[in-house]
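Note that the numbering used here has the sequence shown beginning at 67, numbered continuously upward.
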Amino acid sequence: MDDVLRIQSTSHRRTFTLQEARKYLPVVRRITENARERYNSVVFQLSTSAVDSATWVCLEEEATSLVRGWADSIGRLGCSAQGLWTVDFDCGSGYYCWRLGESDVEHFHGYDDGFRDRVRIPDNST
């Protein structure tokens with residue numbers, strides 16, 4: 067059972083060690099990449115099509131729904147969606163932070179800090 071990632075309700079957060087956050091990352095990345103791909107498709111339709119106002123509203127709602135669905139999926143893993151395609155892993159003293167496009171969980175920021183305040187985790191941390 068140790069190899070199975072725990073799925074939780076969206077209201078329950080958990081704390082992660084750095085090793086656990088990195089273990090969850092492939093799933094977080096896959097969920098995020100899939101959501102971003104679908105979101106980009108909808109945004110592309112919005113930006114390139116001459117659509118009537120009803121279709122425009124439907125596409126906007128679909129884009130919003132995709133982002134909310136992504137955030138809910140991330141939340142069920144015990145993580146927190148922060149900003150578009152950015153995920154925080156609560157570590158008990160702040161957050162390990164990952165953003166789509168980064169190869170690993172390599173940053174940390176305090177509870178009262180945000181993405182701009184994050185610092186790189188030293189290479190010798192595990």
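A virtual CB, placed ideally from N, CA and C, is assigned to each residue, including glycine. Please read all numbers here as calculations on a predicted model, not as lab measurements.
- Under the 10 Å beta carbon count, C124 is surrounded by fewer than 16 other beta carbons and is classified as exposed.
- For F155, the enclosing beta strand (DSSP E) stretches over residues T152 to D156.
- For Y161, the pairing in a beta bridge is given by DSSP as D156 and H175.
- DSSP links R186 through a beta bridge to H173.
- According to the DSSP secondary-structure assignment, S146 is paired through a beta bridge with D154.
- Annotated three-state conformation of D138 is helix, per DSSP.
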